[in-house]
Amino acid sequence: MAELILYNTLTRRKEVFNPLHPPRVGIYVCGPTVYGDPHLGHARPAITFDLLFRYLLHLGYQVRYVRNITDVGHLENDADEGRDKIATRAQLEQIEPMEIVQRYSDHYHKSMDQLNVLKPSIEPRASGHIPEQIEMVAKILDAGYAYISNGSVYFDVEKYDTKNHYGKLSGRVLEDLLSTTRDLDGQEEKRNPFDFALWKKALPEHIMRWNSPWSPGFPGWHLECSAMSTKYLGDEFDIHGGGMDLLFPHHECEIAQSKIANGKDSVRYWMHNNMVTINGQKMGKSLGNGILLDQMFSGNHPLLEKSYDPMTIRFFILQAHYRSTLDFSNEALQASEKGLSRLMKSIAMLPGLAVSNETTINLDIWKTNCYNALNDDLNTPILIAHLFDMVKMINLLSEGRERITKPDLDILIQQFHQFTFDILGLREEQLTTGESELLPKVMDMILSLRQEAKKNKDFALSDRIREELGKIGISIKDKKDGADWEIG
RNA sequence: GGUCACAUAGCCAAGCGGUUAGGCACCGGUCUGCAAAACCGGCUACAGCGGUUCGAAUCCGCUUGUGACCUCCA
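Residue numbers for the first sequence follow our numbering, beginning at 1 and rising by one.
Here it is in structure tokens:
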């Protein structure tokens with residue numbers, strides 16, 4: 001089988017993926033800051049790296065997938081008088097910061113379950129790794145690449161840049177940063193505006209605080225990922241992922257910190273998913289165009305014409321390549337919904353196909369095409385195009401216009417399931433109506449009565465049965481002999 | 001302002017120098033008492049202007065437009 005090729009943001013090219021310690025693979029992905037309900041933007045990286053996780057597992061790797069939860073409320077911004085997102089939220093709702101963290105972590109997990117996102121192997125929390133972070137700050141101080149200022153500790157970017165390239169991931173040059181960094185309050189503690197905090201002294205009103213050798217305070221914005229990835233994946237590991245918006249400064253700072261603390265570059269492949277847009281604009285809280293996942297699932301949002309199943313969202317996201325922006329619109333979502341339904345119907349049809357003593361479709365080429373798509377930097381749109389090619393074949397098989405042997409059919413079923421369910425992570429939506437085992441029997445009876453009516457040319461009655469069933473949400477599809485029905 | 005992306009048929013979206021991507025919608029046809037589904041066929045685009053090449057949506061330049069990052073953000 002062809003090799004897996006991934007796009008490495010660091011080198012800006014596609015590279016053959018070779019794990020450091022095969023068959024083991026270590027992945028670290030930046031997870032959510034849990035201070036609000038999960039939204040569409042959370043779905044993209046979660047699904048992108050879930051796909052990667054699933055595919056690596058499918059290829060037989062032993063994957064340790066670490067996705068953190070950020071539960072230390074980093075500052076809104078330097079000018080914000082030491083208030084952080086989680087504490088602000090806690091004050092607003094008059095509860096403990098950790099209640100906020102718990103509530104939104106739970107919510108995030110629920111939404112991820114709905115999207116059929118596998119749980120990571122380890123889901124560490126920043127607040128649970130304060131000692132590790134303090135230790136890392138100390139290491140960087142010892143190495144001489146950080147300085148203490150008024151109880152806070154800052155990373156000395158200028159010094160780092162003399163022997164390293166600060167900006168190599170995001171393609172930035174230090175001099176440019178100097179001129180483009182905004183003049184914010186709270187900068188006077190820093191030697192240079194582009195220096196970043198490793199440890200921040202807490203102001204009296206700051207609730208979330210921990211003791212440290214330097215001050216009661218909290219870890220810097222970027223430190224948790226360096227500390228926790230090192231702890232669980234070692235000082236050098238395979239893949240680090242996250243959204244493109246984290247490229248700078250977050251991941252750039254991680255590279256610098258880890259390099260100094262660990263003495264070497266930690267990450268071998270950097271992967272970044274692109275952003276979600278709504279009507280062509282980036283979705284963001286500040287822009288007021290955010291759509292929560294629950295709103296997608298319920299349709300309860302002014303921009304939405306209807307509700308969309310979690311699997312429709314997942315399928316929609318997978319229909320675009322992860323490095324392209326993806327624009328949400330009702331029209332596009334409904335197209336995905338219909339496409340997904342056709343795909344699922346086709347899969348349901350597979351076990352019932354008549355078998356023959358010869359096979360007239362080329363399964364090997366199809367399978368190779370599918371794997372080639374995945375191996376080419378997880379090109380799911382291409383993979384899905386191939387799945388639809390096979391949908392067409394399955395329909396032709398069901399009409400007897402193509403033929404397949406029993407062994408080949410078994411192979412096809414297994415492979416189609418692997419691609420669709422195991423790797424893409426799609427699943428049949430559970431029926432939301434209270435369907436019982438009785439319903440199919442009842443339907444059989446009704447349909448046989450209708451068949452009788454049709455036989456007697458009593459079309460008024462047969463149409464009325466179909467119409468009435470339609471009203472309660474059951475649609476009828478006549479076939480040569482008898483009829484099929486489905487909910488929805 | 002600096003840096004970097006992107007611009008593909010009605011909509012979404014692949015494409016990485018040379019064969020129909022794919023989905024949805026739409027229009028014909030087959031099937032059907034009618035409809036739906038399914039199948040067959042049609043719709044064959046690449047922002048504009050130059051350049052390189054036997055050949056460019058794909059490479060280069062310019063123009064226009066959109067977006068992202070530079071501040072928390074997935």
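We put the beta carbon where it would ideally sit given N, CA and C, even for glycine.
field: Whole-Å CB distance - I278 paired with F328, under 8 Å assumed
entry: The C-beta distance from I278 to F328 rounds to 5 Å, short enough to meet the 8 Å contact threshold.
message: DSSP three-state label for N369, please.
response: Helix.
- request: Just mark G504 as buried or exposed, buried being the case when its beta carbon has 16 or more other beta carbons within 10 Å.
  value: Since the first residue shown for the chain is 1 and the last is 488, residue 504 is missing from the structure and cannot be characterised.
task: Using beta-carbon positions only, say whether Y145 and Y160 come within less than 8 Å of one another.
output: Closer than 8 Å, so yes.
message: On the DSSP bridge list, what partners appear for G243?
response: In the DSSP output, where bridge partners are listed per residue, G243 has N273.
query: If you draw a straight line from the C-alpha of L223 to the C-alpha of E158, how long is it?
result: When only Cα atoms are considered, L223 and E158 end up about 18 Å apart.
- prompt: Identify the residues that DSSP records as bridge partners of K201: which are they?
  reply: Bridge partners of K201: G217.
message: Can you give me the C-alpha to C-alpha distance between V72 and I86, rounded to a whole angstrom?
response: The alpha-carbon atoms of V72 and I86 are separated by roughly 7 Å.
query: Going by DSSP, which residues form a beta bridge with E486?
result: According to the DSSP secondary-structure assignment, E486 is paired through a beta bridge with S475.
Boundaries of the beta strand (DSSP E) in which L115 is found, first to last residue: Looking at the DSSP string, L115 is not in any beta strand (DSSP E), and its letter there is neither H nor E.
- request: Return helix, strand or coil for T360, following the three-state DSSP convention.
  value: T360 falls in the coil class under three-state DSSP.
query: From S356, L233 and N395, pick the residue whose C-alpha is nearest to that of T405; which is it?
result: Nearest Cα to T405 within the set S356, L233 and N395: S356.
Minimum C-alpha distance to Y28 - residue among S229, F17, G339 and M296: Taking only the C-alpha atoms, the option nearest Y28 is S229.
message: With distance defined between alpha-carbon atoms, name the residue in I95, T368 and F196 nearest to H250.
response: Closest option to H250, Cα to Cα, is F196.
message: Per DSSP, what are the beta-bridge partners of D327 in this structure?
response: Looking at the DSSP assignment, D327 forms a beta bridge with T277.
- request: May I ask you to list the residues that DSSP assigns as paired with A146?
  value: As DSSP reads the structure, A146 sits in a beta bridge with F155.
task: Out of T380, W210 and S341, state which residue places its alpha-carbon closest to the alpha-carbon of I130.
output: Each of T380, W210 and S341 was checked against the Cα of I130, and the nearest Cα belongs to W210.
message: Here's the rule: buried if 16 or more other CB atoms are within 10 angstroms of the residue's CB, otherwise exposed. What is N77?
response: Interpretation of N77 is limited by its pLDDT of 47, a score under 50 that renders its predicted location unreliable; no figure is taken from the coordinates.
- prompt: Under the three-state reduction of DSSP, which class applies to Q94: helix, strand or coil?
  reply: Here Q94 sits in coil by DSSP.
Between the CA atoms of Q414 and D84 - distance to the nearest angstrom: Spanning the two alpha carbons is a distance of roughly 50 Å.
query: If you draw a straight line from the C-alpha of N300 to the C-alpha of G31, how long is it?
result: Rounded to whole angstroms, N300 to G31 spans 26 Å at the Cα level.
task: Work out the CA separation of K471 and L169 for me, nearest whole Å.
output: Our two residues, L169 and K471, have alpha carbons roughly 57 Å apart in a direct line.
query: With a CB to CB cut of under 7 Å and the five nearest residues on each side skipped, what residues in its chain are close to K306?
result: Within its own chain, the residues whose Cβ lies closer than 7 Å to the Cβ of K306, once the five positions on either side in sequence are excluded, are G299, listed in chain order.
query: By how many angstroms is the C-alpha of P407 removed from the C-alpha of A483?
result: Those two C-alpha atoms are separated by around 29 Å.
field: Start and end residues, alpha helix (DSSP H) containing R54
entry: Note, R54: alpha helix (DSSP H), L40 to H58.
message: According to DSSP, simplified to helix, strand and coil, what is F248?
response: DSSP, reduced to helix, strand and coil, places F248 within a helical segment of the structure shown.
- prompt: From I382 to R125, what distance separates their C-alpha atoms?
  reply: Cα-Cα distance, rounded: 36 Å.
- prompt: With DSSP run on the structure shown, which of helix, strand or coil describes H21?
  reply: In this structure, H21 counts as strand in the three-state DSSP scheme.
- prompt: Which of the three DSSP states, helix, strand or coil, is assigned to F315?
  reply: In the structure shown, F315 sits in a helix (DSSP, three-state: H, G or I).
Backbone CA spacing between L439 and L461 [nearest angstrom]: Separation of L439 and L461 (C-alpha to C-alpha, rounded to the nearest whole angstrom) is 21 Å.
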